[in-house]
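Enquirer: The structure that follows is given in the form of structure tokens.
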Amino acid sequence: MAKKSTKVKSSKSSDSEKKQASLIDITRKKFRLGDYLAEKVIKGVAFLSITIIVLIFFFVFREAFPIFSNSKEIKSTKTEQASQETYGAVTDNNTNGNTQETYGAVTDSASKDGAQETYGEVTDKQEPQEQYGVQTKEPASIEGSDKKYTVSAGSGTDDNRSAIKTLTSKEWVPVSEKPRYGLLALILGTFKITLISMLFAAPIAILAALYTAVFANKKMKEIIKPTIELLAGFPSVVIGFFALMVLASFLQGVFHYETRLNSFVGGIAMGIAAIPIIFTITEDALTAVPKSFYEASLALGASRWQTAFFVILPAATPGIFAAILLGIGRVFGETMIALMATGNAALMDLNPFESVRTLAATIGAEMAEVVFGDTHYNVLFLIGSLLFVFTFVINAIAEFYVKGKLMKRIQGK
Amino acid sequence: MIVEKIHTENMFLYYSGKMALNNISIQIPEKKVTAFIGPSGCGKSTFLRSLNRMNDLIDGVKIEGKVMIDSVNIYDKNIDVVNLRKKVGMVFQKSNPFAKSIYENIAYGPKINGINNKHQLDEIVETALKNAAIWDEVKDRLGDSALGLSGGQQQRLCIARTLAVNPEIVLMDEPASALDPLSTAKIEELIVQLKEHYTIVIVTHNMQQAARISDNTAFFYLGELIEYDKTRKIFTNPEKKQTEDYITGRFG
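So the protein lines, in turn, are chains A and B.
If you read the first sequence in the working numbering, its first letter stands for residue 1, the second for the next number, and so on.
If you read the second sequence in the working numbering, its first letter stands for residue 1001, the second for the next number, and so on.
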């Protein structure tokens, strides 16, 4: 362009057509298709992810909703769905599937009793009574849990009425003649284990990050940081397995408590899973503190420790808080370690050396063997919604309290 | 009577093997303002930073020769660097208040020195802010964040913060280079007042500034100390041609 315009300037006598062609036309707005499309695609992707999360939440909540609604409606939808759907199962006999549902199991036996639903495991014989917590001897049984539960077609109605009442009770006995869906013990267990794991993980991760960011020389930093970050990609089932087999016995040997698998063991195992997350974000936050703060503090005659603790750490508070919240999020939703290392007994007890059951572990353990559309099923989805809500609440607290009041107290108004 | 405060002898400084300061020998008098001038990259800031061992923070810095403060070589093995920096404070080119309240910024230095008495701290904060000529502007909002102050105020706050530790020497690395003329004037006025109690060493790019406030001026060029004399002499009748060329703007 520049070349052209100089040409025009040099040869003033050239005709007007040539002159016009060389000028950049700014009077007409040009439609740039590529830019427009790129912009829209990016916008769409951004909104899609938000939409997906919102949709998941609505789905989970919708499934939980029937607990609070009219019981008749549930009954009708329940029978309707129950008559058609078969989930995740390999069945050898599809001959008489009209009223029978089969869940998550390989069945060899064809039960021709229309009124009965079988789920969760393979049964050779039918028992009218519930039987759980006892080992059954059937060789065909392929799962560890030994619940057998027969549901009569109309039992859902009563369940729903009483279910809401039992939600705030202390007992979680979903499979029983009179099921009780007390969430308090689960909620308490979840918070207990989150607290334990954070008490364990946060100091370790933050101190490690402080060392790496402030004290370690370049070489050390290059070794430590990737090593700890490697742990973040560690499959939680491996950590759970380690906790189950090694950590639990070791800790029991040290502290001499009675129950081998308890919230303490689970909390520490989850802490191990959370450390890399907290470490990484904290380290980034500490590194992002301007170097001038460090220099200014040293120039005032502060030692390196004083500088690290009284200047750099406070300056990185928002980042550290975000790190801890992410860690809490990880522990909150952690299912596999909770299933393997916590003992899974829904006890209402503050003692850290008692078994606990977390919300996430409950879903993980029971979702596969629950009757579709049953109250138990709905309650599990309610638990899912609760996990959602708690996460939102924690983030909201962080957003408003930490960024508002706490920061003012630390950094001035 | 002039008392010698800082004294270097045949000092060399290397950045990972590359020489940055070449044979610097200088005597800096007590309770005077000494200005270092010279083009960018001539080593004046490096030299300033070596006076309270801030260069220790940079990897690969090696120093040879003597740097004496009150007749003690500060590069001796058993020198306590933390206490050295309490004695030799520093104000940086870019104002760098901590992300704390104004009060906490000033109180930080005394606090790490073990002063926790609230009454005593209040007094120190007030004195330091008054000495830095910023008290009247901030006395009603000591609890506010220091980051909300203007650039000039922030720099005076940093000077106050340095004074609160009660150093003997204050090193200033282009303290007014990022400020507007009004703020600069205030800082200059402040420096002239401060020399009653403190030995001040200032690095500046602004030659008028050096001429206005300093008693002695040193001209650095390419890591060497070219000329060092009374400010008036340097600016009116320099001995070396390089100095004259730089001051009159013929090179640099």
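The beta carbon of each residue, even a glycine, is placed where N, CA and C say it ideally should be.
Just so we're clear, the structure is a prediction, and the values are computed from it rather than from any experiment.
If you draw a straight line from the alpha carbon of A:F65 to that of A:N378, how long is it in whole angstroms?
Expert: As a first step, residue 65 of chain A must be located in the first sequence, where it is residue number 65. As a first step, residue 378 of chain A must be located in the first sequence, where it is residue number 378. Distance between the alpha carbons of A:F65 and A:N378 is about 7 Å.
Enquirer: Can you list, in chain order, the residues of its chain whose CB lies under 8 Å from that of B:I1006, leaving out five sequence neighbours each side?
Expert: Taking the first residue of the second sequence as position 1, residue 1006 of chain B is located at position 6. Hits under 8 Å: I1026, Q1027, I1028, L1051, V1067, M1068, I1069, I1169, T1199, V1201.
Enquirer: Measuring only the C-alpha atoms, how far is B:A1107 from A:L380?
Expert: For this step, residue 1107 of chain B is matched to residue 107 along the second sequence. For this step, residue 380 of chain A is matched to residue 380 along the first sequence. About 55 Å.
Enquirer: Quick check on the burial criterion: 16 or more other C-beta atoms within 10 angstroms. Buried or exposed for A:H376?
Expert: As a working note, residue 376 of chain A is residue 376 in the first sequence. By the 10 Å Cβ count, A:H376 comes out buried.
Enquirer: Our contact map puts B:G1152 next to B:L1179 with C-beta atoms below 8 Å; I'd like the distance itself, whole angstroms only.
Expert: Taking the second sequence and counting its residues from 1, the one referred to as residue 1152 of chain B is at position 152. Taking the second sequence and counting its residues from 1, the one referred to as residue 1179 of chain B is at position 179. Indeed they touch by this definition, with Cβ atoms about 5 Å apart.
Enquirer: Tell me, please, whether the segment 261–281 of chain A touches the segment 238–249 of chain A by the rule of three or more beta-carbon pairs shorter than 8 Å.
Expert: Taking 8 Å as the limit for Cβ pairs, the verdict is that the segment 238–249 of chain A does touch the segment 261–281 of chain A.
Enquirer: Where does A:S176 land, buried or exposed, given buried means 16+ other C-beta within 10 angstroms?
Expert: One-based indexing of the first sequence puts residue 176 of chain A at position 176. Exposed, since its Cβ has fewer than 16 Cβ neighbours within 10 Å.
Enquirer: Per the DSSP calculation, B:T1199 is bridged to which residue(s)?
Expert: Position 199 of the second sequence, counted from the start, is the residue given in the question as residue 1199 of chain B. For B:T1199, which the question treats as bridged, DSSP gives the partners B:I1169.
Enquirer: What is the DSSP secondary structure of B:K1066, counted as helix, strand or coil?
Expert: As a position in the second sequence, residue 1066 of chain B is number 66, starting the count at 1. Three-state result, B:K1066: strand.
Enquirer: With a 10 Å radius around its C-beta and 16 neighbouring C-beta atoms as the bar for buried, classify B:V1033 as buried or exposed.
Expert: Translated into positions along the second sequence, residue 1033 of chain B becomes position 33. That one is buried.
Enquirer: Note down, in chain order, all residues in the segment 288–300 of chain A with a beta-carbon under 9 Å from any beta-carbon belonging to chain B.
Expert: Correct list: V289, P290, K291, S292, F293, Y294, E295, A296, S297, L298, A299, L300.
Enquirer: Under three-state DSSP, which class holds A:R475?
Expert: It is not possible to answer for residue 475 of chain A, since the shown part of chain A is limited to 1 through 413.
Enquirer: Three or more beta-carbon pairs under 8 Å between the segment 1086–1101 of chain B and the segment 1152–1168 of chain B, yes or no?
Expert: With the cut-off at 8 Å, the segment 1086–1101 of chain B and the segment 1152–1168 of chain B touch.
Enquirer: Who does B:P1029 pair with in a DSSP beta bridge?
Expert: Locating residue 1029 of chain B in the second sequence gives position 29, where the first residue counts as 1. For B:P1029, which the question treats as bridged, DSSP gives the partners B:E1004.
Enquirer: State the DSSP-derived secondary structure class of A:V371, mapped to helix, strand or coil.
Expert: As a working mapping, residue 371 of chain A is identified with position 371 in the first sequence. It is coil, neither helix nor strand.
Enquirer: Please return the same chain residues whose Cβ sits closer than 7 Å to the Cβ of B:L1147, not counting the five positions on each side in sequence.
Expert: Position 147 of the second sequence holds residue 1147 of chain B. Taken in chain order, the residues that qualify are P1097, A1099.
Enquirer: Check whether the segment 349–362 of chain A touches the segment 285–301 of chain A, taking contact to mean three or more Cβ pairs, one atom from each stretch, closer than 8 Å.
Expert: No, the segment 349–362 of chain A is not in contact with the segment 285–301 of chain A.
Enquirer: Between the alpha carbons of B:N1055 and B:E1064, how many angstroms are there, rounded?
Expert: For the purposes of this step, residue 1055 of chain B is identified with residue 55 of the second sequence, where counting begins at 1. For the purposes of this step, residue 1064 of chain B is identified with residue 64 of the second sequence, where counting begins at 1. One C-alpha to the other measures close to 13 Å.
Enquirer: Against A:V254, what residues of chain B qualify as contacts under a CB-to-CB distance less than 8 Å, listed in chain order?
Expert: Stepping through the first sequence from its first residue, residue 254 of chain A is reached at position 254. Residues of chain B passing the Cβ test: none, with the nearest at roughly 38 Å.
Enquirer: I'd like the list of long-range same chain contacts for A:V402, defined as Cβ closer than 6 Å, with 5 residues on each side in sequence excluded.
Expert: In the first sequence, counting from the first residue as 1, residue 402 of chain A sits at position 402. Once the five neighbours on either side are set aside, the close Cβ partners of A:V402 are F321.
Enquirer: Measure the beta-carbon distance from A:I277 to A:R330 and round it to whole angstroms, keeping in mind my assumption that it falls under 8 Å.
Expert: Working through the first sequence from its first residue, we reach residue 277 of chain A at position 277. Working through the first sequence from its first residue, we reach residue 330 of chain A at position 330. Their Cβ separation, rounded to whole angstroms, is 6 Å, which keeps A:I277 and A:R330 in contact under 8 Å.
Enquirer: Using a C-beta to C-beta distance shorter than 7 Å, which residues of chain A count as neighbours of B:K1139?
Expert: Within the second sequence, residue 1139 of chain B is the residue found at index 139, counting from 1. By Cβ distance, chain A contributes nothing, its closest Cβ being about 15 Å from B:K1139, past 7 Å.
Enquirer: In the DSSP output, which residue or residues are listed as bridge partners for B:S1101?
Expert: Along the second sequence, read from residue 1 onward, the residue named residue 1101 of chain B stands at position 101. The partner list for B:S1101 (beta bridge, DSSP) reads B:S1145.
Enquirer: Could you tell me whether the segment 330–345 of chain A touches the segment 1108–1116 of chain B, where touching means 3 or more Cβ pairs closer than 8 Å?
Expert: As far as the Cβ criterion goes, the segment 330–345 of chain A does not touch the segment 1108–1116 of chain B, which means the pair count is below three.
Enquirer: Which residues bound the beta strand (DSSP E) around B:I1254?
Expert: Any property of residue 1254 of chain B remains undetermined from this structure, which presents chain B solely from 1001 to 1252.
Enquirer: Rounded to a whole number of angstroms, what is the C-alpha to C-alpha distance between A:E48 and A:S385?
Expert: Position 48 of the first sequence, counted from the first residue, corresponds to residue 48 of chain A. Position 385 of the first sequence, counted from the first residue, corresponds to residue 385 of chain A. At residue 48 of chain A the sequence reads Leu, which differs from the Glu that was named. Going by the C-alpha atoms only, they are around 21 Å apart.
Enquirer: How is A:R257 classed by DSSP in three states: helix, strand or coil?
Expert: To locate residue 257 of chain A, count along the first sequence from 1; it is residue 257. The identity of residue 257 of chain A in the sequence shown is Tyr, whereas the question assumes Arg. The answer is coil: DSSP assigns A:Y257 none of H, G, I, E or B.
Enquirer: Count the CB pairs spanning the segment 310–321 of chain A and the segment 282–292 of chain A that are closer than 8 Å, and state whether there are at least three.
Expert: Because the criterion of three Cβ pairs below 8 Å is met, the segment 310–321 of chain A and the segment 282–292 of chain A touch.
Enquirer: What's the C-alpha gap between B:K1186 and A:A269?
Expert: Taking the second sequence and counting its residues from 1, the one referred to as residue 1186 of chain B is at position 186. Taking the first sequence and counting its residues from 1, the one referred to as residue 269 of chain A is at position 269. Cα to Cα, the separation comes out at about 59 Å.
Enquirer: Please report the Cβ distance between B:V1192 and B:A1164, rounded to the nearest whole angstrom; I am assuming they are in contact, meaning their Cβ atoms lie under 8 Å.
Expert: Taking the first residue of the second sequence as position 1, residue 1192 of chain B is located at position 192. Taking the first residue of the second sequence as position 1, residue 1164 of chain B is located at position 164. Not a contact, Cβ separation roughly 20 Å.
Enquirer: Under 8 Å, with one C-beta from each stretch per pair, do the segment 233–244 of chain A and the segment 350–357 of chain A reach the 3-pair mark?
Expert: In short, these stretches do not touch, since the Cβ pair count stays below three.
Enquirer: May I ask you to report which of helix, strand or coil DSSP gives A:V175?
Expert: Position 175 of the first sequence, counted from the start, is the residue given in the question as residue 175 of chain A. A:V175 falls in the coil class under three-state DSSP.
Enquirer: Take A:L207 and list the residues in its own chain whose beta-carbon comes closer than 6 Å to its own, dropping the five residues that flank it on each side.
Expert: Looking up residue 207 of chain A in the first sequence gives position 207. Excluding positions up to five away in sequence, the list is empty.
Enquirer: Taking the C-alpha atoms as reference points, what is the distance between B:V1091 and B:E1189?
Expert: In the second sequence, residue 1091 of chain B corresponds to position 91, counting from 1. In the second sequence, residue 1189 of chain B corresponds to position 189, counting from 1. Their Cα atoms are separated by approximately 16 Å.
Enquirer: Using a threshold of 8 Å, state whether the C-beta atoms of B:C1042 and B:F1235 are closer than that.
Expert: Residue mapping note: residue 1042 of chain B aligns to position 42 of the second sequence, counting from 1. Residue mapping note: residue 1235 of chain B aligns to position 235 of the second sequence, counting from 1. Cβ distance not < 8 Å, so B:C1042 and B:F1235 don't count as in contact.
Enquirer: Counting only beta-carbon atoms, is B:K1044 nearer than 8 Å to chain A?
Expert: The sequence position of residue 1044 of chain B within the second sequence is 44, counting from 1. Chain A, which has no Cβ nearer than 8 Å to the Cβ of B:K1044, makes this no.
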